[in-house]
Amino acid sequence: MKFARQHTSIPVPKVFGVLRYRGRQYIFMTRLVGKEIDDRQWKVYSQDTKDAILSQLRSFITQLRQIGPPPQSPPFICNVLGGPIMDHRLCVDHPYGPYRDEEQMNLQIRQGLTVDRFAEIGKFPKEVTELIRRSHDLRHPIVFTHNDIAMRNIMIDGDRVTGLIDWECAGWLPAHWEYVKANWTEFYVEEWVRDLRIFIPPFDMENEADRAIGWSRSWMASLDIPFDPSWDLSWEARPYSLNL
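At position 40 of the sequence shown the residue is numbered 40 (the UniProt record's numbering), and the sequence of numbers has no breaks.
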């Protein structure tokens, strides 16, 4: 959150401190005005209200993607400190990565299997196998990503967005991942999914491929790509001179 406050105009809570107590961490921060977007209300908001909210969200996502890659080349796929990513689409119970490149991240998604072997186990038809192959052969720019764009994480007051919350999944990820992840998070709200492409650059082919891989991958993760000490992450505690 501190990183987002320093590099964007996105309204986020101001963090006062972190307390560790009995094995758990607690964050003390400001309380934002407003309430989270309600999926039932989104269906009945006026178009003017929706347009105002979506315009602000588009500005926020644009600012995040303009932050630039982490101060290392080639850029790792990593969290704000250069470490593992918390992402329930990659694994439900603990962080994964960092990844040296998108190929390694895709290997994680396929549980360490080739596309053909993964498709064989999943009993995918040929056209789905080729869809996954095309998607996983692509290499996208690495951009800063909120990585959990969901209605519950967007605070509004009328037609004003008062905050974007829940930043624990944020980090540098392939450019398509914000859209893919947002579709996966709120797949059941048709109106919201339709409007995502208004404020997040859409990657329809990649999203279709990820949907084909399906929910089951998240619940049977068997590949843990370990951290390799040879990866030089000496910058990890000070990205953009940020003192956390």
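Heads up, the beta-carbon is just placed ideally off N, CA and C, and yes, glycines get one too.
Bear in mind the structure is a predicted one, so any value in this text is a computation, not a measurement.
Exercise for the section: Report the residue ranges of all alpha helix (DSSP H) runs contained in full by the region 7–73; include only those spanning at least 4 residues, in chain order. Expected result: 39–42 and 47–65
Handout entry: Buried versus exposed call for Ser-55 [16 or more other C-beta atoms within 10 Å across all chains shown]
Key = Residue numbering aside, residue 55 sits at position 55 when the sequence shown is read from its first letter. By the 10 Å Cβ count, Ser-55 comes out exposed.
Handout entry: Thr-114 at chain B interface by Cβ criterion, 8 angstroms
Key = No chain B appears in this structure, which consists of one protein chain only.
Handout entry: Proximal residues to Phe-28 (C-beta, below 8 angstroms), its chain only, five neighbours per side dropped
Key = Locating residue 28 in the sequence shown gives position 28, counting from the first residue. So the qualifying residues of the chain are Val-15, Phe-16, Gly-17, Val-18 and Leu-19.
Practice task
Take every Cβ of the region 123–132, pair it with every Cβ of the region 5–12, and state whether three or more of those distances are shorter than 8 angstroms.
Solution key: no
Practice task
For Gln-25, collect the residues of the same chain with a Cβ closer than 8 angstroms to its Cβ; drop the 5 residues on either side in sequence, then sort them by chain order.
Solution key: Counted from its first residue, the sequence shown places residue 25 at position 25. Excluding positions up to five away in sequence, the list reads Val-18 and Leu-19.
Practice task
Starting from Thr-145, follow its DSSP beta bridges and name the residues at the other end.
Solution key: Here residue 145 is taken as the residue at index 145 of the sequence shown, counted from 1. In the DSSP output, where bridge partners are listed per residue, Thr-145 has Gly-171.
Problem - Neighbour-count burial assignment, Thr-114, 16 or more Cβ in a 10 Å radius - result: Position 114 of the sequence shown, counted from the start, is the residue given in the question as residue 114. Exposed: under 16 other Cβ atoms inside 10 Å.
Problem - Candidates Pro-71, Leu-90 and Asp-87: closest to Leu-81 by CA position - result: Walking along the sequence shown from the start, residue 81 turns up at place 81. Answer by Cα proximity: Pro-71.
Handout entry: CB of Phe-203 within 8 angstroms of CB of Tyr-188, strictly
Key = The count along the sequence shown starts at 1 and reaches residue 203 at position 203. The count along the sequence shown starts at 1 and reaches residue 188 at position 188. No, Cβ-Cβ distance for Phe-203 and Tyr-188 is not below 8 angstroms.
Practice task
Could you tell me if Glu-206 is buried or exposed, where buried requires 16 or more neighbouring beta carbons within 10 angstroms of its beta carbon?
Solution key: As a position in the sequence shown, residue 206 is number 206, starting the count at 1. It counts as buried.
Problem - C-alpha gap between Cys-169 and Ile-85, whole angstroms - result: Here residue 169 corresponds to residue number 169 of the sequence shown, with the count starting at 1. Here residue 85 corresponds to residue number 85 of the sequence shown, with the count starting at 1. So the alpha carbons of these two residues sit roughly 6 angstroms apart.
Exercise for the section: Give the secondary structure of Ile-154 by DSSP, where H, G and I count as helix, E and B as strand, and everything else as coil. Expected result: Start at 1 with the first residue of the sequence shown, and residue 154 comes out as number 154. Ile-154: strand per DSSP, three-state reduction.
Handout entry: Identity of the residue in Asp-39, Ile-53 and Lys-43 nearest residue 288 by Cα
Key = This structure gives no information on residue 288, because the portion of the chain shown stretches from 1 to 244.
Problem - Inter-residue spacing [alpha-carbon to alpha-carbon] between Phe-76 and Asn-106 - result: Taking the first residue of the sequence shown as 1, we reach residue 76 at position 76. Taking the first residue of the sequence shown as 1, we reach residue 106 at position 106. About 14 angstroms.
Practice task
Using a threshold of 8 angstroms, state whether the C-beta atoms of Leu-164 and His-146 are closer than that.
Solution key: One-based indexing of the sequence shown puts residue 164 at position 164. One-based indexing of the sequence shown puts residue 146 at position 146. Contact: yes.
Exercise for the section: Taking 8 angstroms as the cut-off, decide whether the C-beta atoms of Trp-192 and Met-155 are in contact. Expected result: By one-based count along the sequence shown, residue 192 stands at place 192. By one-based count along the sequence shown, residue 155 stands at place 155. Result no, Cβ atoms of Trp-192 and Met-155 do not sit closer than 8 angstroms.
Exercise for the section: Using beta-carbon positions only, say whether Cys-78 and Trp-177 come within less than 8 angstroms of one another. Expected result: As a first step, residue 78 must be located in the sequence shown, where it is residue number 78. As a first step, residue 177 must be located in the sequence shown, where it is residue number 177. Against a cut-off of 8 angstroms, the Cβ pair of Trp-177 and Cys-78 comes out as no contact.
Exercise for the section: Return the chain-ordered list of same chain residues with a C-beta closer than 6 angstroms to the C-beta of Met-196, the five sequence neighbours on each side being excluded. Expected result: The sequence position of residue 196 within the sequence shown is 196, counting from 1. A quick correction: the sequence has Leu, not Met, at residue 196. Once the five neighbours on either side are set aside, the close Cβ partners of Leu-196 are Ala-182.
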